[in-house]
């Protein structure tokens, strides 16, 4: 495992890649959209030239070869190889879509070729679990890994934790990504260099030993997710009272977010322990 290396799986436009490079890490950025890969390569050309950044234009999939990639021209973050995910996005107001044929590769094969990182961020819209599961059988694994967790299918959530445990991960943190802009890098850095960084909404935020909150066991993390699932069942995207910016669920979340901001980032609380605000949740896992 290379402690100086991070994988940005689902690099999008390089929002997280830039942060990892600023922290002093080498980065392997994996992105399916050709134009995004071209943009990242041009934007960070000096890092590419120095070997600090490797940009790989593939869709991460357990079916090597060519795969269909469903592009959303309105919400670019919603691009996916998962047809069910693409249909879900249409129900949530996706824009006019198009389909590309993209070369695919297994995440495990990429790690074998480019090295095992300290941290692997996985955010590939509906295929996070598939990518994570592909790591089974590797002789060495990342010390930290994160995925966007399912918040509507309890069966899939349990499968995520079963996969984490099978891979040897034993500690977890649940982060509400809608509050990522509140995070601040600690003055005494625990991961790479100190960076005075303002996280944009949609970015992944802190990682590894710099994450806020305490580490949970699998059972504790699953208990925390129960309140998240209850909130979504009542007033989430597909809940009894529907989602949307004017739903009670979203409005309560906005109020809670303002309270967090007034308190300051040092008083940041894990919202999964309270009434969960709207947004999406990442599960960070660590090996013991």
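Residue numbers (our numbering): 9 to 296.
From the three backbone atoms N, C-alpha and C, an ideal C-beta is built for every residue, glycine too.
| Item | Value |
| --- | --- |
| Rounded C-alpha distance that separates residue 154 from residue 128 | 7 angstroms |
| Own chain residues within Cβ distance below 6 angstroms of residue 142, not counting five before or after | 70, 114, 115 and 116 |
| Beta-carbon gap between residue 124 and residue 9 smaller than 8 angstroms | yes |
| Nearest neighbour of residue 48, chosen from 23, 31, 34 and 66 [CA to CA] | 23 |
| Neighbour-count burial assignment, residue 126, 16 or more Cβ in a 10 Å radius | buried |
| Rounded separation between residue 120 and residue 197 - CA only | 29 angstroms |
| Among 139, 202, 291 and 62, the one whose alpha carbon lies nearest that of residue 72 | 139 |
| Enclosing beta strand (DSSP E) for residue 294 [first to last residue] | 289-295 |
| Own chain, CB closer than 7 angstroms to residue 180, minus 5 neighbours either side, in chain order | 223, 224, 226, 229, 291, 292 and 293 |
| Inside the stretch 162-219 only - alpha helix (DSSP H) runs reaching at least 4 residues | 162-174 |
| Residue range of the unbroken beta strand (DSSP E) whose run includes residue 56 | Note, residue 56: premise wrong, no beta strand (DSSP E); alpha helix (DSSP H) at 53-58. |
| Pick from 152, 137, 174 and 157 that is closest to residue 145, judged by C-alpha positions | 174 |
| Run of the alpha helix (DSSP H) containing residue 155, from where it starts to where it stops | From DSSP, residue 155 is part of no alpha helix (DSSP H) but of the beta strand (DSSP E) over 152-156. |
| Within 8 angstroms, strictly: CB atoms of residue 39 and residue 74 | no |
| Distance between residue 14 and residue 189 (C-alpha atoms, nearest Å) | 21 angstroms |
| Distance, residue 105 Cα to residue 21 Cα | 18 angstroms |
| Backbone secondary structure at residue 31 - three-state DSSP | coil |
| According to DSSP, residues forming a beta bridge with residue 135 | In the DSSP output, where bridge partners are listed per residue, residue 135 has none listed. |
| DSSP beta-bridge partners of residue 66 | None; residue 66 has no bridge partner. |
| Which listed residue (80, 150 and 169) has its alpha carbon closest to that of residue 6 | Because the chain is modelled from 9 through 296, residue 6 falls outside the range shown and cannot be assessed. |
| Boundaries of the alpha helix (DSSP H) in which residue 119 is found, first to last residue | 115-122 |
| Nearest residue (CA-CA) to residue 204, options 214, 88, 211 and 193 | 193 |
| Residues sharing a beta bridge with residue 236, DSSP | Answer by DSSP bridge pairing: none, since residue 236 is not bridged. |
| Collapsed DSSP secondary structure at residue 227 in the structure displayed | helix |
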